Each structure stands twice: as structure tokens, then as C-alpha cells.
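Chemist: Quick note: the sequence shown uses our numbering, first residue 73, plus one each step.
My questions all concern the structure below.
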Amino acid sequence: MDSSAGKYGMARFGLFVLLMELWRSGDAYCPESCTCSISRIVCNDPEPGIEDFPVLTLDDMENITEIHIANQNRLINISDSSLRHYINLRNLTSTVHFRKLTCMRQTVSSPTSPFFSLKSFLRLFVWFILRLLLSGNPLDCVCENLWIKLRLQEDIDGPELTCTDERGETRDFATLTPPDCGNLSPKNVTVREGRDVKVVCSASGSPVPDILWTLDMLSTHYEVRRFTFKSLLNVGICLSPDDNGRVIVCSAENIVGQIEATLQLNILFPPRIEQLLAPEQAHQWCIPFTVTGNPKPKLLWYHNKVLLQEQDFIRTMIHESTENEDHGCLQLANPTHIHNGEYKLVARNEYGRDEKTVTAQFLYPPNITGQFASSPYFDFCSLVLTSYWDHILSFIYFQVYVVVGIAGVALTGCVLMVIILKYGRNSNFGIKGSSSVISNDDDSASPLHHVSNGNNTPSSSEMGPDAVIIGMTKIPVIENPQYFRNSGSMLKADTFVQHIKRHNIVLKRELGEGAFGKVFLAECYNLVPDHEKIHVAVKTLKEATESARADFYREAELLTNLQHEHIVTFYGVCVESDPLIMVFEYMKHGDLNKFLRSHGPDAVLMADGQHSILVELTQSQMLHIAQQIAAGMVYLASQHFVHRDLATRNCLVGENLLVKIGDFGMSRDVYSTDYYRVGGHTMLPIRWMPPESIMYRRFTTESDVWSLGVVLWEIFTYGKQPWYQLSNNEVIECITQGRVLQRPRTCPKEVYDLMLGCWQREPYMRLNIKEIHSMLQSLAKASPVYLDILG
């Protein structure tokens with residue numbers, strides 16, 4: 073019993089001794105001024121105080137998550153080793169006047185960033201700490217604290233921070249700019265190609281910063297030499313133009329933070345034409361090129377060794393531009409054979425020049441067939457210089473045989489024509505018979521023609537000796553394809569031509585003169601029931617031959633049947649004595665072409681010395697004009713008429729922008745440049761004619777649709793002549809090769825799409841005249857029209 077009790081007492085004593093040793097061991101590691109628990113250290117007792125952070129066993133320090141320090145005047149510095157083993161520290165709160173506090177990055181290696189509350193007298197602090205409460209610290213305005221300014225937008229309480237400068241004055245930390253904290257000296261460098269360049273990046277600061285270069289994109293060989301306060305970059309001994317515009321970055325870093333500067337290389341080198349290609353056709357023709365050089369070179373073009381003057385329809389376009397290169401093309405709008413030849417591009421700047429040449433051929437003769445037809449650049453003349461001389465000779469011989477054969481046929485046709493004319497004059501066809509061929513001296517008949525089965529092509533027996541020359545080909549043309557018609561089948565049985573007494577017509581003044589005779593402004597009495605007299609336009613017949621009279625009566629009968637609000641009104645005839653007279657409605661503002669020009673950008677050139685202010689036509693007014701002309705053409709098509717000479721010069725303008733289709737025949741004299749004279753008398757409006765009318769003498773409603781598209785172009789260019797930059801022969805080549813007019817500057821896309829629909833090469837693919845009118849009507853209704861332009 074005593075033995076067991078003694079053993080039990082010894083065990084209790086041993087346990088007590090062990091606990092005391094453990095307590096003594098923990099107390100030995102925890103400073104006297106601190107209280108240590110498993111996860112927390114609190115140091116509040118000023119006596120005896122601590123000079124450094126508490127150092128416990130490694131296991132104990134790893135468990136500490138919170139440290140609170142106060143009243144410790146002997147603790148003036150926390151070094152990077154002080155917190156090294158407190159790897160799970162989360163909160164550090166201090167009210168101690170520190171001179172300097174540095175914490176290594178290892179202290180924040182845990183997933184959750186530590187939180188430091190330093191609300192006292194902290195003077196210096198490094199930039200690796202992530203979360204700070206620094207308000208109330210009398211920080212010094214020195215380089216070591218400059219990094220805090222860079223972090224004011226982050227978690228620290230930056231807006232409340234102040235610092236004390238070297239004069240003892242308190243300053244807002246946000247405006248801190250201590251001198252000599254960092255200075256980088258590289259500037260932009262300009263140097264000639266092939267030379268080397270030395271760049272110095274220097275930085276000052278405390279502590280001494282490390283200097284780094286970013287040179288990833290540099291293609292030229294380089295070498296970097298480092299010194300204590302600077303770093304020298306030596307870029308090659310043969311600087312490449314490929315590095316022009318390259319940006320080099322120099323950066324400096326120390327405990328204060330990081331700062332960087334950039335340098336841009338400006339490498340000067342002479343121009344080089346990297347490529348100059350043959351012409352390509354997209355929407356327009358283009359001669360592509362690529363040019364390099366610094367400074368940017370000036371570009372000049374030469375056509376057949378003559379300096380090219382750039383204009384709206386031929387100009388240099390730059391599609392893409394970089395530091396070193398310009399990619400672009402010489403753009404040509406609707407080039408013809410006159411633009412064929414040698415094109416030389418010259419590029420030059422102050423360091424040199426370069427040039428390259430390319431040959432361009434845009435058009436080929438439309439009569440070339442066989443092996444040469446597939447090439448869009450075929451030029452008949454160039455064949456003389458090729459190795460195909462035998463082919464050329466055989467081709468020429470073939471043409472000679474064809475010409476001789478055609479001449480024989482033509483001679484036979486002429487003999488037959490003379491016989492027909494001789495016996496035809498003595499027959500009794502009169503007015504009621506079928507139409508005879510119009511005299512060579514008269515192109516005065518109305519341009520409105522009746523169509524039979526949609527075709528109005530004269531027979532081969534009607535062809536005369538005239539021909540249209542297209543490239544190397546002559547295309548035979550009838551005596552006057554403007555004015556042939558077969559009217560007998562369309563005249564109504566009850567057609568009545570009104571006869572007007574000559575004494576009721578009082579001539580006022582001459583309006584113009586055509587090959588048929590003169591046109592006068594006149595007053596006509598007793599013509600309209602509601603008016604005693606009205607103004608009319610009087611067309612006189614110059615010649616009174618038998619055939620001319622027959623055509624006069626037939627035309628009067630045709631015009632009597634045309635009654636529409638957008639067709640000029642025909643009132644009747646006066647045949648009491650010579651000259652024979654036709655009486656038409658008078659339109660106050662004359663022909664539409666002159667009206668458009670006098671209400672466009674060039675109106676001042678059309679003023680004829682008048683000082684009246686002419687208002688420029690608006691887009692909505694142009695649409696209003698266009699839909700009226702289209703309405704008139706719908707009516708003519710419904711009456712099976714083909715106009716053949718539809719153009720703005722053959723439309724008339726009345727009051728309130730009223731437009732009507734009509735032609736007194738004067739346009740072929742007043743607008744003579746609009747017509748292509750074939751032989752001595754035949755005049756063709758080829759600028760308004762489709763390919764089939766030029767080449768095959770085929771006139772249909774579809775050919776009038778083509779002309780209507782050209783009229784739309786005229787309206788939206790304020791009356792410009794189609795293809796005004798080209799001669800008549802060049803226009804024929806363009807049209808037969810499938811070229812179309814460019815979109816006018818003031819023309820909406822929807823209207824230009826209508827034009828393109830009118831200019832389809834195949835007649836059956838063109839828009840229907842009713843569709844055109846409907847679309848124009850919709851566009852016109854969408855834009856209200858103001859009619860006070862006429863005053």
C-alpha cells in the first residue's frame with residue numbers, strides 16, 4: 073500500500089517538473105515585454121522593451137498569424153530577416169516609430185496576402201508589401217518612398233498620405249517628385265542606311281538600378297555593354313532599312329520601382345520600287361506598285377516618255393502605307409487605245425531615285441478573232457514585230473478578199489438602188505403608200521419611230537455607202553438610221569390632223585435652225601378654246617420636194633396619235649402655202665440639257681452675261697425630272713414607238729419643272745458635237761447608243777432603255793456630255809468593248825444601279841421600262857420636291 077502510494081506520488085511530481093520545464097522553455101523564447109500564445113504575439117510593455125522581433129522556436133513562429141507591437145522605443149528597424157520564419161503571418165500592427173522597415177518578398181509567398189497596419193512613425197518602407205495602412209506616418213520625401221506614389225490607386229490609403237521634405241515642410245504625397253530618383257537618357261535616333269548607331273541608356277537612383285533592354289524585334293546584329301550607372305547598346309555596322317521605325321525599350325529597376333523610356337530608329341534610305349505589275353482590271357483599271365523609301369519618296373508617272381498629268385480619271389491611289397512601304401496603283405477610269413503604251417514610275421527622295429517600266433494595252437480591235445481574241449491586250453499593230461509574220465500576211469490577204477467581195481456586192485446594190493429610185497418616183501404611192509427612203513439631204517424627220525415585232529432593222533437593200541469605223545473594222549450604216557420607220561401599219565383609220573389658218577400664226581422670233589428648216593416662237597390665235605392666243609413653237613419645212621412633203625404629212629399623222637402629259641403636244645399643221653408648218657407646244661425654259669447646265673456647279677459659265685442668281689438643282693428635283701422622262705418613255709413603248717435619239721437635248725422644260733419629250737430637229741445643229749457624222753450627211757448620237765445599234769443597226773425598245781440610262785447620267789452630272797474626255801471613235805471602242813460610264817458624284821447608289829441595269833450588254837437582260845419608271849417614282853416620292861427653283 074505504502075509502496076504503491078509512493079510510486080503514485082513520484083509520478084505526479086515528475087509530471088509537474090516536466091510541465092514547469094516546458095513553461096520555462098516557452099518563456100525563455102518569448103521576450104519579457106511580450107505575451108506569446110500559440111498564434112499571437114503581443115508586445116505592449118515598454119520595460120525592458122525589445123530591440124528586434126521576438127525569436128521563438130521554428131515551429132512556434134510558423135504558427136503565429138498575428139503580431140501587435142506598441143510602446144517599444146528601442147525597436148527602430150525591422151529587417152528582412154525579422155519576418156522570415158513567420159510564414160503564416162496575416163496581421164502586423166505597430167505603433168512604433170520605425171526608422172526603416174524592409175520586408176522580403178518571401179513573407180508574402182502564402183496564398184493570402186499579409187495585412188500590415190503601421191499607424192505610427194514609419195519613415196521608410198520598401199515596395200514589395202502588397203497591402204498597407206500608412207496613414208499618420210511622417211514619411212520622408214525621398215526616392216525610397218517614391219514607389220508609394222505609384223501605388224496610390226491600389227489598396228493603400230494613399231489620399232491621406234503626406235511626407236516631409238528636406239526643409240521640414242509637409243507635402244501631399246500624390247505630388248511627390250524627389251530629384252535624382254531615376255533618369256533615362258535615350259532619344260530618337262536618325263541615321264543613314266548601312267551605318268551603325270550607339271545608344272546610351274543611363275539611370276541614377278538609390279540604390280543603383282539595374283538597366284535592361286527590350287530588343288526582340290531588332291533584325292540588325294547588336295551588342296550590349298553594361299557599366300555601373302549606364303548601359304551601352306551598339307546596333308550593327310550595317311543598319312538595315314527593315315529596322316526603320318523599330319521601337320527599343322530601355323528600363324531601369326531598383327527598390328524604388330521601375331521606369332522605362334523608348335527610342336525609335338529613323339533609318340534614312342533611298343527609294344526602291346519593289347514591284348511594278350501589268351495592268352489589272354477590277355472595277356477600274358489599275359497598275360499596281362510597291363515602293364519603299366525614307367523619307368517617303370515622291371512618285372512621278374511617265375506615259376510614252378511624257379510626264380503624266382494626273383486628273384480625276386487617271387491618278388495615283390495609295391491603298392496601304394507603312395513606315396517603309398507604300399502599296400498602291402495608278403488608277404485609270406475607262407482607258408482606251410490612246411492610253412496604251414509604256415508607263416514608267418519614278419520614285420525619288422533626297423537620298424536617291426529608282427524607276428521601273430511596264431507596258432500596258434487596254435483595248436483591242438473588236439474584229440480580231442481566233443487565237444488573238446482571248447487576249448484583252450491584243451494590239452494589231454504590235455503583230456508586225458512578232459514572229460507571226462506569215463499569219464499576218466494570210467490575215468491581210470483574207471481581208472483584201474473580203475473587201476473586194478463587199479465592194480462588188482455594194483456596187484450591185486447601188487445599181488439596184490438607182491433603178492428602184494428611178495422607177496419609184498414615177499409610181500403613185502402617195503401618202504397612203506408605204507414609206508420610201510428619205511432623201512440624203514434631209515435628216516429632219518421626227519426621231520419617233522414605229523416598231524414592228526420589236527425590231528426596226530432596215531433590210532440590206534437600204535444600206536448606203538457610209539460606215540462606222542470601230543478599231544480596224546468598218547461597219548456599214550444605212551443612209552440615216554435615225555429616221556427610218558414603217559408607219560403605214562400603225563396609223564389609225566380615224567387619224568385627223570388639225571389644219572391651222574396661216575393668218576392665226578404670228579411669228580415672234582427665231583429659236584433655231586436645223587437641216588429641215590427654222591423653228592420660231594410664235595403666237596397662235598383661236599387654237600385653244602379658253603385662250604385667245606397662246607405661245608407655240610413653229611417648225612417650218614425648208615424644202616418642198618415631193619418626197620419631203622410625203623414625209624411631212626406622214627410625220628404629222630404620227631405625231632397626232634401621240635397624246636401624253638410628258639410628250640410635247642402637237643397642235644397641227646399649216647399647208648396653205650410654202651413653207652409648210654408644224655405647230656407644237658412651246659416650253660418656256662427650253663431644252664433640258666441647257667437647263668441642267670444653267671442650274672449646276674458651272675452655271676456661271678452659262679449665264680451669258682446675265683446677273684440673275686440660278687439655284688443649283690437638288691437631288692430630289694433631279695429624281696423628279698428623271699421619273700417624268702421615264703413616264704414619257706413608258707407611253708412611247710406602249711404605242712410601239714422607238715425614239716432612237718433620247719437625250720436631254722431632246723427634252724423640254726416648262727413651268728414648275730414640267731419635263732416633256734420632244735425634238736424639233738435643231739439638236740443636230742446646236743449640239744453637233746453630240747453626233748458622229750458618217751459620210752457627208754448622216755449623224756449618229758453614238759454616245760447614247762447601245763452596242764447593237766452601233767454595230768448591227770438594231771433599234772428596239774431595249775435600245776431606248778440604254779439611252780434612258782445615259783439620260784439619267786446626264787441629269788446627275790448637270791448636263792455633261794457622256795464620255796466627254798474621249799473622241800467619237802474612242803467612244804465607239806469603249807461601248808463595243810463593254811465599258812460603262814462612271815457613277816456621278818451626286819448620284820445615289822440606287823440610281824446608279826438603275827443605270828447599270830439599263831447598260832447590260834445583252835438587250836434582254838436590261839431593265840424593263842416600266843420597272844425603271846416605278847423605281848424612279850418610288851425614289852422621287854421619298855424625297856419631296858420644291859419647285860420654286862424656276863422663279
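Note that CB positions come from ideal geometry on N, CA and C, so glycine has one too.
It should be emphasised that the depicted structure is a prediction, and the values quoted were computed from it without experimental measurement.
Are the Cβ atoms of D777 and R833 separated by less than 9 Å?
Modeler: Note that residue 777 is Val in the sequence shown here, rather than Asp. Going by C-beta atoms, V777 is not nearer than 9 Å to R833.
Chemist: Quick one: what's got a C-beta closer than 7 Å to T242's C-beta in the same chain, skipping five residues either side?
Modeler: So the list reads T234 and T236, once near-sequence residues are dropped.
Chemist: What is the DSSP secondary structure of N840, counted as helix, strand or coil?
Modeler: Note: N840 maps to coil in three-state DSSP.
Chemist: Excluding the five sequence neighbours on either side, which residues of its own chain have a C-beta within less than 7 Å of the C-beta of A709, listed in chain order?
Modeler: Counting only Cβ-Cβ distances below 7 Å, and skipping sequence neighbours, we find T773 and I841.
Chemist: Just mark Q381 as buried or exposed, buried being the case when its beta carbon has 16 or more other beta carbons within 10 Å.
Modeler: That one is exposed.
Chemist: On the criterion of 16 or more Cβ atoms from any shown chain inside 10 Å, does I110 qualify as buried, or is it exposed?
Modeler: It is exposed - the Cβ of I110 has fewer than 16 other Cβ atoms within 10 Å.
Chemist: When burial is assigned at 16 or more other CB atoms within 10 Å of the CB, is D398 buried or exposed?
Modeler: Its Cβ being crowded by 16 or more others within 10 Å, D398 is buried.
Chemist: How many angstroms separate the CA atom of S105 from the CA atom of E325?
Modeler: Spanning the two alpha carbons is a distance of roughly 40 Å.
Chemist: Counting only the same chain and skipping the five closest in sequence on each side, list residues whose C-beta sits under 8 Å from that of V706.
Modeler: Answer for V706: I841, K842 and H845, listed in chain order.
Chemist: Between the C-alpha atoms of C115 and I122, what's the straight-line distance to the nearest angstrom?
Modeler: If I take the Cα positions, the gap works out to 8 Å.
Chemist: Hey, E786 and T720: beta-carbon distance below 9 Å or not?
Modeler: Taking 9 Å as the Cβ cut-off, E786 and T720 qualify as a contacting pair.
Chemist: Classify A854 as buried or exposed, calling it buried when 16 or more other Cβ atoms lie within 10 Å of its own Cβ.
Modeler: By the 10 Å Cβ count, A854 comes out exposed.
Chemist: Going by DSSP, name the residue or residues bridged to C723.
Modeler: DSSP lists I733 as partners of C723.
Chemist: Please report the straight-line C-alpha distance between R940 and D132, rounded to a whole angstrom.
Modeler: Because the chain spans 73 through 863 in this model, residue 940 falls outside it and cannot be assessed.
Chemist: When you compare each of V475, L593, F341 and G781 to C830 by their alpha carbons, which one comes out closest?
Modeler: Closest option to C830, Cα to Cα, is G781.
Chemist: Buried or exposed: which applies to V487, given that a residue is buried once 16 or more other Cβ atoms fall within 10 Å of its Cβ?
Modeler: It counts as exposed.
Chemist: Can you tell me whether P437 is buried or exposed, with buried defined as 16 or more other CB within 10 angstroms of its CB?
Modeler: Summary for P437: the model assigns pLDDT 46, below 50, so the residue's position carries little reliability; its value from the coordinates is reported in the next sentence. Looking at its Cβ environment, which holds 16 or more other Cβ atoms inside 10 Å, P437 is buried.
Chemist: Using 9 Å as the threshold, is the C-beta distance between L593 and V608 below it?
Modeler: It is a contact, given that the beta carbons lie within the stated cut-off.
Chemist: Taking only beta-carbon positions, decide if T818 is within less than 9 Å of chain B.
Modeler: Here there is only one protein chain, and chain B is not present.
Chemist: For Q849, which of helix, strand or coil comes out of DSSP?
Modeler: Here Q849 sits in helix by DSSP.
Chemist: Near A698, what residues of its chain come up, given a Cβ to Cβ distance below 7 Å and the 5 sequence neighbours on each side ignored?
Modeler: Around A698: L784, I787 and L848.
Chemist: Can you give me the Cβ contacts of E582 inside the same chain, cut-off strictly under 7 Å, excluding the 5 residues immediately before and after it?
Modeler: K590 and F592.
Chemist: Would you decide whether L194 is buried or exposed? Buried here means 16 or more other CB atoms lie within 10 Å of its CB.
Modeler: Below a pLDDT of 50, predicted positions are generally treated as unreliable, and L194, at 46, falls in that range; the measurement from the model is reported next regardless. Counting Cβ neighbours within 10 Å, L194 comes out buried, since at least 16 surround it.
Chemist: Could you tell me which of T484, N366, Y643 and C358 sits nearest to N338, measuring between CA atoms?
Modeler: Out of T484, N366, Y643 and C358, N366 has the C-alpha closest to the C-alpha of N338.
Chemist: Measuring alpha carbon to alpha carbon, tell me which of H409, R420 and R425 ends up nearest T870.
Modeler: This structure leaves residue 870 out entirely; the chain is present only between 73 and 863.
Chemist: Once you ignore the five residues that flank M761 on each side, which residues in its own chain have a CB closer than 8 Å to its CB?
Modeler: Counting only Cβ-Cβ distances below 8 Å, and skipping sequence neighbours, we find S775, W778, S779 and I807.
Chemist: Quick one, are the C-beta atoms of F385 and Q700 less than 9 Å apart?
Modeler: Not a contact, by the Cβ cut-off of 9 Å.
Chemist: What separation, rounded to the nearest whole angstrom, lies between the Cα atoms of I201 and H293?
Modeler: In this prediction, I201 has a pLDDT of 45, which is less than 50 and means its spatial position is unreliable; what the coordinates show is noted afterwards. Approximately 40 Å between the Cα atoms of the pair.
Chemist: Let's see if you can read the secondary structure: which residues bound the alpha helix (DSSP H) around S776?
Modeler: Contrary to the premise, residue 776 reads as Asp rather than Ser in this sequence. It spans T773 to F788 - the alpha helix (DSSP H) in which D776 sits, taken as one unbroken run.
Chemist: Note the first and the last residue of the continuous beta strand (DSSP E) segment covering G413.
Modeler: Per DSSP, G413 belongs to the beta strand (DSSP E) from G413 to N421.
Chemist: Whole angstroms is fine: what's the gap from Q330's alpha carbon to L284's?
Modeler: If you take the alpha carbons of Q330 and L284, they lie about 11 Å apart.
Chemist: CA-CA distance, R32 and Q336?
Modeler: Look at the range of the chain in this structure, 73 to 863, and you will see that residue 32 is not part of it.
Chemist: Are the Cβ atoms of M389 and L372 separated by less than 9 Å?
Modeler: No, Cβ-Cβ distance for M389 and L372 is not below 9 Å.
Chemist: Going by beta-carbon coordinates alone, are L689 and Y625 separated by less than 9 Å?
Modeler: The answer is no: Cβ separation not under 9 Å.
Chemist: Could you have a look at L211 and say whether DSSP puts it in helix, strand or coil?
Modeler: Strand, per DSSP.
Chemist: Tell me which residues share the same chain as R267 and place their Cβ nearer than 7 Å to its Cβ, disregarding the 5 neighbours each side in the sequence.
Modeler: These residues qualify, in order along the chain: L311.
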